[in-house]
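Asker: Protein chains in written order, with the numbering used here: chain A, 1 to 424; chain B, 1 to 308.
For glycine and all other residues, C-beta sits at the position ideal for the given N, C-alpha and C.
Pasting in a structure now, in structure tokens, and then I'll have a few things to ask.
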Amino acid sequence: MNLGSSALSRPLRRRSFIASVMATGAMALAGCSPSDPRATIRFNQSKPEVIPYFRDLLGQFNASQKTTTATHEVTAGLSAAFARNDPPDLGCLNYNFEMARFQESGALSDLSDLPQQKTNAPFIKELLALYPDYPGRTSVLPYSMMGAAVLYNKDIFEKHDLAIPTRYSELLELCGELTDLGVTPIYSTFKDAWTASQGLADYSLGGAVDINQHFAALREIGSDFTPNAAVTFSKSFTEPLLKMQELAKFSNKDAANRGYGDGNLAFANGKAAMYLQGPWALPEIAKTNPDANIGAFPLPMTEDPNDLKVRVNLDLALWIPEQSDHKAEARELLAFLCQPKIQDAYNESALGFGVRTDSPPTKDPRLKQMQPYIDSGRLYQGVSTAIPRTIPFENYMQGLVTGGSVEQTLATLDADWARLAQRS
Amino acid sequence: MALTTPTKPSNDAKVVAPTRPVKRRQFEATYLGFLVPALICFTIAITLPAAMGIYFSFTDSVGFGDYNLVGLANYAALFTDPAIIGSYSFTIGFALVTVILTNALAFFLAVGLTAQIRARVALRTIFVMPMVISGIVIAYVFNFLFSNTLPAVGEYLGIGFLKESLLSNPDLAWLSIVIVTAWQAVPSAMLIYIAGLMAIPYDLYEASSLDGASSFGQLKNVTLPLMTGYIGINIIIGFKNFLGAYDIIVGLTNGGPGVKTRSIAMTIFTGFERGDYAYQMANATVFFIISLIIALFQLRLTNKGQAK
Chain A
1 MNLGSSALSR PLRRRSFIAS VMATGAMALA GCSPSDPRAT IRFNQSKPEV
51 IPYFRDLLGQ FNASQKTTTA THEVTAGLSA AFARNDPPDL GCLNYNFEMA
101 RFQESGALSD LSDLPQQKTN APFIKELLAL YPDYPGRTSV LPYSMMGAAV
151 LYNKDIFEKH DLAIPTRYSE LLELCGELTD LGVTPIYSTF KDAWTASQGL
201 ADYSLGGAVD INQHFAALRE IGSDFTPNAA VTFSKSFTEP LLKMQELAKF
251 SNKDAANRGY GDGNLAFANG KAAMYLQGPW ALPEIAKTNP DANIGAFPLP
301 MTEDPNDLKV RVNLDLALWI PEQSDHKAEA RELLAFLCQP KIQDAYNESA
351 LGFGVRTDSP PTKDPRLKQM QPYIDSGRLY QGVSTAIPRT IPFENYMQGL
401 VTGGSVEQTL ATLDADWARL AQRS
Chain B
1 MALTTPTKPS NDAKVVAPTR PVKRRQFEAT YLGFLVPALI CFTIAITLPA
51 AMGIYFSFTD SVGFGDYNLV GLANYAALFT DPAIIGSYSF TIGFALVTVI
101 LTNALAFFLA VGLTAQIRAR VALRTIFVMP MVISGIVIAY VFNFLFSNTL
151 PAVGEYLGIG FLKESLLSNP DLAWLSIVIV TAWQAVPSAM LIYIAGLMAI
201 PYDLYEASSL DGASSFGQLK NVTLPLMTGY IGINIIIGFK NFLGAYDIIV
251 GLTNGGPGVK TRSIAMTIFT GFERGDYAYQ MANATVFFII SLIIALFQLR
301 LTNKGQAK
């Protein structure tokens, strides 16, 4: 604005400027005055793929409500909102270590009295135990779960009459056979560190180590942890990670230069027999090749088929902050979203698995093979989701699959863990 | 900026800077009107947050909720943390190599582009282009070149070392960051050098050529001594900028392979998104002090350069 460009108009302009500021302020005040009969609640959900889906759901909710309006918030990174004492009223986010910090510090309200908690599938309790909760509280309600295993090209397996391996030795044999046939056994995309970590590393470790038990033991030791403690990463992880390096060698030659997008494209075009990615890759693969004939099986890491498990994560969990002024309204929205019809429809469209005892099994042919493992509770959560992200675990795993030393890396990880345990 | 440095650079040390007029300027509301808004904005947006950050570096805060004062514990942990020390040694090493490469290239480009050659202005424009492209865009383009184009060229021509991407080589990935950063940073350094070169009076060259100096002799005995001020400024500014390296690394290697290319700024940033807030605030405070020392050094150098 060109304030004071001529001496004559200056006072007038200043006055009108002040007046306009005051008018704006008054309007803003009116907007949040208590005379408004409708309560506005903020619903935060930032998973990009399903934002339009939830926008529709919120539209339905708002149409059904007389006194509550829910607005959709899609900002990621909620630390700042909590720091400003201004979190959303209902969150629907990935249940990960960042969420865990909020629940551990008591920023989330207790949801243990919700009727929806009673219908949780039996394995939910174990999954929630990965992160410490605030004493006496159940801070989140699981909404949707993702199951991840080895995606494989059924056509290639059928063409060469190959069986799904259930033992580590069979897996090595399979990789050898595929190599002899001139087929790349595993398509890897190590340029993107997270793909090495959540795929090959999480599957290798989850298939061999009891992840929950390992981290429960570490929590027990707490700040006394040293690299010489009874439970360490070096002691538990060395063997599976050496196996992981053995498997990584069966990757495409240019794995170190390939990223996630390259992997989806190549696997869709049948460039490899196996691809260690989660169900989120399936829509991407379908964009290139809608007819790709894909199945999924858990990565065998031992010689006992009873050890087979699939990697899961609570892709969406609901929570209501302690600081929310509209807890009752937020619970109404929560109840709306948790109606079995709505929840099951969401899981079907988002390639998720149900988290209730009465959830229907998945209908997607690409995920079907994982259902028996989930029904019998043979599942684990990835190590990459259990280590605070201040430790660059993803980068460590990227270093390992491209030939780094397991011994050194785990010594570093132990030392990192000890330092973190001491200061938190 | 140094572009406005007067024609005679620092070597004229014998002349003393004139003392300021002693008469006190009358208090004027207009000046205050210009100054105060900026001061308020700066205080609210920069000074206060920085002070809060320094305060939180003495706590165990995770960024929200309750916290306790822990004294110097974060700092003590900082200086024994190999991840932190690793990021400092990588960043400082990277900044040193990049600053040398950038200035060598920029200087010779500037000498070439101030010579009497055809299409001088057009060439200058072309060489300045990298400066106007955003770092993250440059990084992604080079990422593609390193990951796809160069290996394909290597494959086609049978050149062994090109076949594997520089980005995935744990020992050489840092080199890719040096190359790309230098590519982006050369133009601005070059502009400063061009300004400096154009400020050298032509009669000095005339006189030296009458004395029988070759073009190399002119470069060594006339150009270089008169350019020392500009070189100093360029090195300090460049080094300070490279210490804050972030966007190009994120776009190229994201700290990998492993943690070989994690810069200080990247490590600090993990504290915000990954819940190690107080600890990384301590790291940021240390980094701030280092930057401050460099900035003061730069200020002294510029002041010396302006003395006439």
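Step through the CB atoms of chain A and report whether any lies within less than 8 Å of the CB of B:Leu48.
Answerer: Reading the second sequence from its first residue, position 48 is the one you call residue 48 of chain B. Cβ-Cβ to chain A under 8 Å: no for B:Leu48.
Asker: To the nearest whole angstrom, what separates the beta carbons of A:Ala335 and A:Leu90, a pair I think is in contact under 8 Å?
Answerer: The count along the first sequence starts at 1 and reaches residue 335 of chain A at position 335. The count along the first sequence starts at 1 and reaches residue 90 of chain A at position 90. That belief does not hold up - the Cβ atoms of A:Ala335 and A:Leu90 are roughly 11 Å apart, past 8 Å.
Asker: The beta strand (DSSP E) with B:Gly238 in it runs from where to where?
Answerer: Here residue 238 of chain B refers to the residue found at position 238 when the second sequence is read from its first residue. Per DSSP, B:Gly238 belongs to no beta strand (DSSP E); it is in the alpha helix (DSSP H), 224-243.
Asker: How far does the alpha helix (DSSP H) with A:Cys92 in it reach, from first residue to last?
Answerer: The count along the first sequence starts at 1 and reaches residue 92 of chain A at position 92. No alpha helix (DSSP H) holds A:Cys92; the beta strand (DSSP E) holding it covers 90-93.
Asker: Would you decide whether B:Pro151 is buried or exposed? Buried here means 16 or more other CB atoms lie within 10 Å of its CB.
Answerer: Position 151 of the second sequence, counted from the start, is the residue given in the question as residue 151 of chain B. Flag for B:Pro151 reads buried.
Asker: A:Phe82 versus chain B: which residues are under 9 Å apart at the beta carbon?
Answerer: Position 82 of the first sequence holds residue 82 of chain A. Neighbours of A:Phe82 on chain B, chain order: Gly63, Phe64, Gly65.
Asker: Taking Cβ-Cβ distances shorter than 8 Å, what residues in chain B pair up with A:Tyr396?
Answerer: Residue 396 of chain A sits at position 396 when you count from the first residue of the first sequence. Those are Gly258, Val259, listed as they occur along chain B.
Asker: Where does A:His72 fall in DSSP's three states?
Answerer: Start at 1 with the first residue of the first sequence, and residue 72 of chain A comes out as number 72. Correct three-state label for A:His72: strand.
Asker: Who are the neighbours of A:Arg42 on chain B, taking C-beta pairs under 7 Å?
Answerer: Numbered from 1 along the first sequence, position 42 holds the residue referred to as residue 42 of chain A. In chain order: nothing, as chain B lies at least about 17 Å away.
Asker: Please state the DSSP three-state secondary structure of A:Phe43.
Answerer: The sequence position of residue 43 of chain A within the first sequence is 43, counting from 1. In the structure shown, A:Phe43 sits in a strand (DSSP, three-state: E or B).
Asker: Alpha carbon to alpha carbon, how far is A:Ile342 from B:Phe90? Give it in angstroms, no decimals.
Answerer: For the purposes of this step, residue 90 of chain B is taken as the residue at position 90 of the second sequence. For the purposes of this step, residue 342 of chain A is taken as the residue at position 342 of the first sequence. C-alpha separation (whole angstroms): 51 Å.
Asker: Identify the contact partners of B:Pro151 in chain A, using a Cβ-Cβ distance below 8 Å as the criterion.
Answerer: Position 151 of the second sequence, counted from the start, is the residue given in the question as residue 151 of chain B. What B:Pro151 touches in chain A: Asp254, Asn257.
Asker: Would you verify that the beta carbon of B:Tyr279 is, or is not, closer than 8 Å to some beta carbon of chain A?
Answerer: As a first step, residue 279 of chain B is located in the second sequence; it is residue number 279 there, counting from the start. B:Tyr279 counts as touching chain A.
Asker: For chain B, check one thing: does any of its Cβ atoms lie closer than 8 Å to the Cβ of A:Ser5?
Answerer: Walking along the first sequence from the start, residue 5 of chain A turns up at place 5. Only weak support exists for where A:Ser5 lies, its pLDDT of 38 falling under 50; the coordinates are left without a value.
Asker: Give the single residue among B:Phe64, B:Leu96, B:Pro225 whose Cα lies nearest to the Cα of A:Ala81.
Answerer: For the purposes of this step, residue 81 of chain A is identified with residue 81 of the first sequence, where counting begins at 1. Measuring from the Cα of A:Ala81, the nearest candidate turns out to be B:Phe64.
Asker: Since I believe B:Ser176 is in contact with B:Leu162 (beta carbons under 8 Å), could you give me their beta-carbon distance rounded to a whole number of angstroms?
Answerer: Residue numbering aside, residue 162 of chain B sits at position 162 when the second sequence is read from its first letter. Residue numbering aside, residue 176 of chain B sits at position 176 when the second sequence is read from its first letter. Wrong, their Cβ atoms sit about 13 Å apart, outside the cutoff.
Asker: Inspect the CB distances between the region 142-157 of chain A and the region 311-326 of chain A and report whether three or more fall short of 8 Å.
Answerer: Segments in contact, yes.
Asker: Cβ of B:Leu105 within 7 Å of any heavy atom in the ligand PLP?
Answerer: With respect to the ligand PLP, the structure offers nothing, as it holds no ligand at all.
Asker: Per DSSP, what kind of secondary structure is B:Ala193 in: helix, strand or coil?
Answerer: Translated into positions along the second sequence, residue 193 of chain B becomes position 193. Note on identity: in this sequence residue 193 of chain B is Tyr, with Ala being the wrong assignment. Helix at B:Tyr193.
Asker: Give a yes or no on whether 8 Å exceeds the smallest Cβ distance from B:Ala45 to chain A.
Answerer: Within the second sequence, residue 45 of chain B is the residue found at index 45, counting from 1. With 8 Å as the cut-off, B:Ala45 does not count as an interface residue toward chain A.
Asker: Please confirm if the region 140-147 of chain B is in contact with the region 232-247 of chain A, defined as three or more CB-CB distances below 8 Å between the two stretches.
Answerer: As far as the Cβ criterion goes, the region 140-147 of chain B does not touch the region 232-247 of chain A, which means the pair count is below three.
Asker: Alpha helix (DSSP H) containing A:Phe190: first to last residue?
Answerer: Translated into positions along the first sequence, residue 190 of chain A becomes position 190. Neither: A:Phe190 is in no alpha helix (DSSP H) and is coded neither H nor E.
Asker: Who are the Cβ neighbours of A:Pro34 in its own chain at under 7 Å, not counting the five residues just before and after it?
Answerer: Reading the first sequence from its first residue, position 34 is the one you call residue 34 of chain A. For A:Pro34, the predicted structure reports a pLDDT of 46, less than 50, and the residue's modelled location is therefore unreliable. A value from the coordinates is still provided. Hits under 7 Å: none found.
Asker: Taking only the alpha-carbon atoms, compute the straight-line gap between A:Leu218 and A:Pro132 and give it to the nearest angstrom.
Answerer: As a working mapping, residue 218 of chain A is identified with position 218 in the first sequence. As a working mapping, residue 132 of chain A is identified with position 132 in the first sequence. In a straight line, the C-alpha of A:Leu218 is about 12 Å away from that of A:Pro132.
Asker: When you compare only the Cα positions, how much space is there between B:Ala284 and B:Thr47?
Answerer: The residue given as residue 284 of chain B occupies position 284 in the second sequence. The residue given as residue 47 of chain B occupies position 47 in the second sequence. Rounded to the nearest angstrom, the two C-alpha atoms are 14 Å apart.
Asker: With DSSP run on the structure shown, which of helix, strand or coil describes A:Asp315?
Answerer: Within the first sequence, numbered from 1, the residue matching residue 315 of chain A stands at position 315. If DSSP states are grouped into helix, strand and coil, A:Asp315 belongs with the strands.
Asker: How far does the beta strand (DSSP E) with A:Tyr380 in it extend, from its first residue to its last?
Answerer: As a working mapping, residue 380 of chain A is identified with position 380 in the first sequence. First-last of the beta strand (DSSP E) with A:Tyr380: 379-381.
Asker: Give me the chain A residues within the contact set of B:Asn254, using Cβ-Cβ distance strictly less than 7 Å, ordered along the chain.
Answerer: Residue 254 of chain B sits at position 254 when you count from the first residue of the second sequence. The answer, in chain order, is Ala193.
Asker: Measure the CB-CB distance between A:Ala141 and A:Leu114 and report whether it falls below 8 Å.
Answerer: Sequence index remark: in the first sequence, residue 141 of chain A carries index 141 (1-based). Sequence index remark: in the first sequence, residue 114 of chain A carries index 114 (1-based). The displayed chain sequence assigns Leu, not Ala, to residue 141 of chain A. Yes, the Cβ-Cβ distance between A:Leu141 and A:Leu114 is below 8 Å.
Asker: In chain B, what lies closer than 8 Å to A:Gly91 by C-beta?
Answerer: As a working note, residue 91 of chain A is residue 91 in the first sequence. Going along chain B, no residue has its Cβ under 8 Å from A:Gly91, so there is no contact; the nearest lies around 14 Å.
Asker: Pick from A:Ile51, A:Thr68, A:Asn293, A:Ala163: whose alpha carbon is nearest that of A:Lys327?
Answerer: Your numbering for residue 327 of chain A matches position 327 in the first sequence. Checking every option, the nearest Cα to that of A:Lys327 belongs to A:Thr68.
Asker: Along the chain, where does the alpha helix (DSSP H) containing A:Pro52 start, and where does it finish?
Answerer: Your numbering for residue 52 of chain A matches position 52 in the first sequence. From DSSP, the alpha helix (DSSP H) with A:Pro52 extends over 51-64.
Asker: Kindly list, in the order they appear in chain B, the residues whose Cβ is closer than 8 Å to that of A:Ala107.
Answerer: Reading the first sequence from its first residue, position 107 is the one you call residue 107 of chain A. Going along chain B in sequence order, the residues near A:Ala107 (Cβ under 8 Å) are Phe64, Gly65.
Asker: Quick one: which unbroken alpha helix (DSSP H) runs of 4-plus residues sit fully inside the region 269-294 of chain A? Chain order, please.
Answerer: Runs of the alpha helix (DSSP H) inside the region 269-294 of chain A: 281-288.
Asker: Does DSSP classify A:Pro360 as helix, strand or coil?
Answerer: For this step, residue 360 of chain A is matched to residue 360 along the first sequence. Of the three classes helix, strand and coil, the one that applies to A:Pro360 here is coil, per DSSP.
Asker: Where do the ends of the beta strand (DSSP E) carrying A:Ser144 lie?
Answerer: Locating residue 144 of chain A in the first sequence gives position 144, where the first residue counts as 1. Element bounds for A:Ser144: 141-148.
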